[in-house]
Amino acid sequence: MALLEVRDLHTRFRTDDGVVKAVSGVSFELDRGKTLGVVGESGSGKSVTFLTVMGLVDRKIAEVEGSVRYDGEEILGAPSSRLRHIRGRRIGMIFQDPMTSLNPVKKIGWQLEEAVLLHNDVSRDEARRRAIKALEEVEIPRADTRVDDYPHQFSGGMRQRVMIAMALINQPEVIIADEPTTALDVTTQAQILKLMKQLQDDHGAAIVMITHDLGVVAEMADDVLVMYGGRVVEQARVDDLFVKPEMPYTWGLLGSLPRLDLVASRLEQIPGQPPSLLHPPRGCAFNPRCAYAFDRCREELPELVAAPGKPNHRYRCHLDDAERERIWAAKKAALTPAEGSAA
Amino acid sequence: MSELLVVEDLQKYFPVTRGLVFQKEIAQVKAVDGVSFTLEAGETLGVVGESGCGKSTMARCVARLLEPTGGKIIFDGHDITHLGRTEMRPIRRDMMMVFQDPYASLNARKRVGEIVAEPLDVHRVGTDRDRKRRVQELLEIVGLNPEHYNRFPHEFSGGQRQRIGIARALAINPKLIICDEPVSALDVSVQAQILNLLKDLQRDFDLTYIFIAHDLNVVRHVSDRVMVMYLGKPVETGAKQEFYAEPKHPYSGALLSAVPIADPTLGRARKQIVLRGDVPSPLNPPAACRFHPRCPRFVDGKCNVDEPLLTPVSGASDHAYACHFPLERWPMGEDEIRRTPSLAASVD
C-alpha cells in the first residue's frame, strides 16, 4: 500500500471575480522512501495541490473534494487537531524562501526546539540536544554555538539547511519540499540536493520535490508528475519521461532548459503565458500555446491515458501515437549532444 | 569590431568603520580586487560566480554607480574611472542596466508607460508625443502589448516585468547593457523567452552585454566570452568555445558540475564536485589562492603560500586561468577531482 494516496483531488477558491479552479482532478501515489518530482510553471497548481493534501488551504474560501489517504487513513477534511499531529511529526515541510519561513526575532535553536516540544513529551534540554544534533546532520559547522544565532546571521544556503533540519527533526516519513533550491546559487543547490538524498538514504523518508526545473527532477526523482493548469498532464517514471516524453508541454519544458550537455543555438520557448485558472481555455488547457493543437484540442479535454506498452506512463494529448512519435524524433534529433561536453 | 569597454585592474574596496562621529577605518572589504577585461562592440561577456564573489559590485563600478578604488575603466574611448555626476550624464545614455528582481526594480506606483519613458525624460529626448510613440514601439519590441501603456507593474507576471525592465534599458538606444542576473528569479520556460529576447535584441540593435549569472548553463547560451570570479578576482576567463570545451580551474569545474542535468542517465554517470560551505568573508580572505580552503585539488604548502596568477592556456587564443593544479581533462574523472586527499570538498 502506498504511504500517500491522492485520488481525484479538486481545490476551488471562491473569489470576487469568480471561482478559481486551482486543482482539478489530481491523483497520484507516493511510496515509502521514494521521491516524487512535481514540475510545472508558476500557477500550475503544484503548490496548492500539496497545501490541500496537508490541510493548509483555508476552508472558508476554498472548496475541496476528493480523497487523501495517508498510511490508509483518510485525512482530507480531518479535524485540525488530527492534522496537527500528522503535520510536522509524520510529514515535514520545506518551503522556498528560507528568510520568510524562519522567525527573524527568535534564535535558530528556539525555533527547532519548538518543533520538537510540539510533538514530543521531552524536556527543553533534550529538545536542545536534538536541535544541535539536527543542525549537525545538515552539516552546519559548529552547530553547538550556531544554535544560539538568529536567522539573519546565516547565509541563504545555511538558512535552507536549518529549514531542512526543522523538517527532519521529528524524523517524518514524508518530506514535502516546495521549490527548496529555487532561491539559491547552483553550488548551494547542489549541496542541498546532495544533502536531501543522503538524509533520505539514512532515514528512508519519502520526498515530494516541487520545482519548475526539470534538471532538479532528473537528479532527484523516481517518479514525475508534470502539472499544467491545475491538472496532471503527464506522469511517468523519471527515465521514461526523459527518454520519451509524450506531451507537447513537457517537450516545451525540456526545450526551454539551457543545457550544458546539448548544443542548441536558440532555446525553444513556450510562447505566451500560463492559462488563467479563473477562465481556463476550453478543451486542453495547453492548446493556446501548443504548436500542434488542432480543432479537437480546442473543444475536448484529453483524458489521462497510458502510453503504448507503458501502463505507468500516462499523458493528456489528442495527437495520435504515430504523430507524437514523429514530432519527438524530430525534436530529439535537433537536440544532439555536443562533442565532449557531456559533463 | 572595436573595443567598446576596457577595464584594467579594477578595484573596489569598501571601508569598515567604527565610531559614530569620528569614523575610524578599521578594515577594508576588497569586494573587487584586480579585474581586467576587454569587451568588443557587439560581444557578450558572461560573468559567473556565487553570491558574494563581487560580480555585481564589479558591474556597478563599470556603470559608475560606485566609485572604483583603483584601476581604469575606458568606455567608448573615454576614461570614465573618476568622472563626476554631471560628466557621467551624457555617457549614461550609452550604458543601461537590467536588474535581477523584476518586482523590486519597477516603481509600483508608476504606470508602465512612465517607467519605460523615464530614461527619455531624464535625458530630455523628444516631445511628449514622441516619447509616447517611442514607448509603445519599445513595448512592442520586447513582446508586450503597446496598449498596456497605462497599466501598473503589479498587473504583469515576473517574465513580463522583466520585459518592461528591458524596454526601459533600450529606450535611448544604449551601446552597452549590463544585465545583473536578469533571469535568476524566473521559471525556466519564462527564462528561455527572456534569453531569446536578449539575443534577438542584440542582433537587431548591435548591443553589447555584460551578463551576470550564477548558472553557467544560462551564460553559455548568451555569451561570447566567460569570466569566472571568486572573492573579487577572476579565476578563469576565456572564449566560450575554449572555456566550455576544457575548463581549467577547479572552481569552474565545480560550478559546471553543480548544474543539474535534465537527463537521468547522464546525470548518474557524471562526476560532480560539491563544494562545502559558502564563499568566505571578503573581509578576511584566505591567503594566496583564495579558493584553497574549498578546493578539492588543494596542495598544502603551495596553494596556501603562493598566489597563482592568471596564465594563458598553451595553444589557446583566448583562455587563461589562475591555478597551480588545473584540471587536466574534461569531463573530469575521479582522480581529477581528488588530486590529494582533502577535506575541503567531497566527491559524488
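Line order of the protein sequences matches chains A and B. For what it's worth, the numbering used here labels the leading residue of the first sequence as -1, then goes sequentially. For what it's worth, the numbering used here labels the leading residue of the second sequence as 101, then goes sequentially. Beta carbons are placed, not taken as given, at the ideal position from N, Cα and C, and that holds for glycine.
Residues that residue i contacts on chain C, provided the C-beta gap is smaller than 9 Å
i	result
Asn317 of chain B	Absent from the structure: chain C. Protein chains present are A and B.
Cβ-Cβ separation, residue j to residue i (assumed contact under 8 Å), whole Å
i	j	result
Ser259 of chain B	Val290 of chain B	Note that residue 259 of chain B is Gly in the sequence shown here, rather than Ser. With a Cβ gap of about 4 Å, Gly259 of chain B and Val290 of chain B count as contacting.
Gln111 of chain B	Gly170 of chain B	4 Å
Ala129 of chain A	Ala362 of chain B	At roughly 37 Å, the Cβ-Cβ gap does not stay under 8 Å, so Ala129 of chain A and Ala362 of chain B are not in contact.
Gly265 of chain B	Pro219 of chain B	Their Cβ separation, rounded to whole angstroms, is 12 Å, which puts Gly265 of chain B and Pro219 of chain B out of contact at 8 Å.
Ala204 of chain A	Leu317 of chain A	Not confirmed; about 33 Å, so no contact.
Gly332 of chain B	Gly154 of chain B	4 Å
Leu295 of chain B	Leu265 of chain A	6 Å
Gly455 of chain B	Ile373 of chain B	Not covered by the structure: residue 455 of chain B. The range shown for chain B is 101 to 448.
Phe391 of chain B	Val335 of chain B	7 Å
Phe292 of chain A	Asp176 of chain A	Contact doesn't hold; Cβ gap of about 36 Å is too wide.
Cys395 of chain B	Lys348 of chain B	About 13 Å separates the two Cβ atoms, so there is no contact after all.
Asp142 of chain A	Ile106 of chain A	No, Asp142 of chain A and Ile106 of chain A are not in contact; Cβ-Cβ is about 12 Å, not under 8 Å.
Pro253 of chain B	Leu206 of chain B	4 Å
Arg312 of chain A	Leu299 of chain A	Not a contact, Cβ separation roughly 14 Å.
Val214 of chain A	Leu191 of chain A	7 Å
Any chain A beta carbon closer than 9 Å to residue i
i	result
Ser205 of chain B	no
Val405 of chain B	no
Tyr344 of chain B	yes
Leu260 of chain B	Here residue 260 of chain B is Gln; the residue named in the question, Leu, does not match the sequence. Chain A, which has a Cβ nearer than 9 Å to the Cβ of Gln260 of chain B, makes this yes.
Ser102 of chain B	no
Ser257 of chain B	yes
Below-9 Å beta-carbon distance, residue i vs any chain B residue
i	result
Val236 of chain A	yes
Leu265 of chain A	yes
Ile268 of chain A	yes
Leu191 of chain A	yes
Glu61 of chain A	no
Cys315 of chain A	no
Glu298 of chain A	no
Ala216 of chain A	yes
Gln377 of chain A	Outside the displayed span of chain A (-1 to 341) sits residue 377 of chain A, for which this structure offers no information.
Ala332 of chain A	no
Gln271 of chain A	yes
Leu275 of chain A	no
Leu252 of chain A	yes
Contact check, residue i vs residue j, beta carbons under 9 Å
i	j	result
Tyr226 of chain A	Gly38 of chain A	yes
Thr150 of chain B	Glu103 of chain B	The sequence shown places Glu at residue 150 of chain B, not Thr. No; because the gap between Cβ atoms is not below 9 Å, this pair is not in contact.
Tyr113 of chain B	Lys124 of chain B	no
Met97 of chain A	Ile174 of chain A	no
Leu380 of chain A	Met161 of chain A	Not covered by the structure: residue 380 of chain A. The range shown for chain A is -1 to 341.
Gly43 of chain A	Leu74 of chain A	no
Leu354 of chain A	Leu133 of chain A	Shown here, chain A extends from -1 to 341; a query on residue 354 of chain A therefore has no answer.
Met158 of chain B	Met329 of chain B	yes
Lys299 of chain B	Met195 of chain B	no
Arg88 of chain A	Glu3 of chain A	no
Pro102 of chain A	Asn317 of chain B	no
His8 of chain A	Val18 of chain A	no
Asn168 of chain A	Gly86 of chain A	yes
Ser417 of chain B	Glu346 of chain B	no
Val46 of chain A	Arg5 of chain A	no
Val132 of chain B	Lys172 of chain B	no
Ile278 of chain B	Leu270 of chain B	no
Arg322 of chain A	Val230 of chain A	no
Scan the stretch 374 to 388 of chain B for residues whose Cβ lies nearer than 9 Å to a Cβ of chain A and list them as they occur along the chain. Val374, Leu375, Arg376, Gly377, Asp378 and Val379
Of the residues that make up the stretch 271 to 298 of chain B, which ones have a beta carbon closer than 8 Å to any beta carbon in chain A? Asp287, Val288, Ser289, Val290, Gln291, Ala292, Gln293, Leu295 and Asn296
Along the stretch 351 to 374 of chain B, what residues have a CB closer than 8 Å to any CB found in chain A? Ala354, Leu355, Leu356, Ser357, Ala358, Val359, Pro360, Ile361, Ala362, Asp363, Pro364, Thr365, Leu366, Gly367, Arg370, Gln372 and Val374
Scan the stretch 147 to 181 of chain B for residues whose Cβ lies nearer than 7 Å to a Cβ of chain A and list them as they occur along the chain. Glu150 and Ser151
By the 8 Å beta-carbon criterion, what residues does the stretch 224 to 250 of chain A contribute toward chain B? Val236, Asp237, Phe240 and Gly250
Three-pair Cβ contact test at 8 Å for the stretch 179 to 194 of chain A versus the stretch 350 to 360 of chain B: yes
Members of the stretch 298 to 332 of chain B that neighbour chain A once the beta carbon cut-off is set at 8 Å: Lys299, His314, Asp315, Leu316, Asn317, Val318, Arg320 and His321
Residues of the stretch 17 to 45 of chain A in Cβ contact with chain B at a cutoff of 8 Å, in chain order, please. Glu39 and Ser40
Under 8 Å, CB to CB, which of the residues in the stretch 152 to 184 of chain A have a partner in chain B? Ser153, Gly154, Gly155, Met156, Asp183 and Val184
Are at least three pairs of beta-carbons, each pair with one atom in the stretch 276 to 283 of chain B and one in the stretch 227 to 242 of chain B, less than 8 Å apart? no
Which residues, in order along the stretch 193 to 210 of chain A, keep a beta-carbon less than 7 Å from a beta-carbon of chain B? His210
Does the stretch 279 to 288 of chain A come close enough to the stretch 242 to 260 of chain A that 3 or more CB-CB pairs lie under 8 Å? yes
Looking at chain B, which residues of the stretch 119 to 152 of chain A have a Cβ within less than 9 Å of any of its Cβ atoms? Glu137 and Pro139
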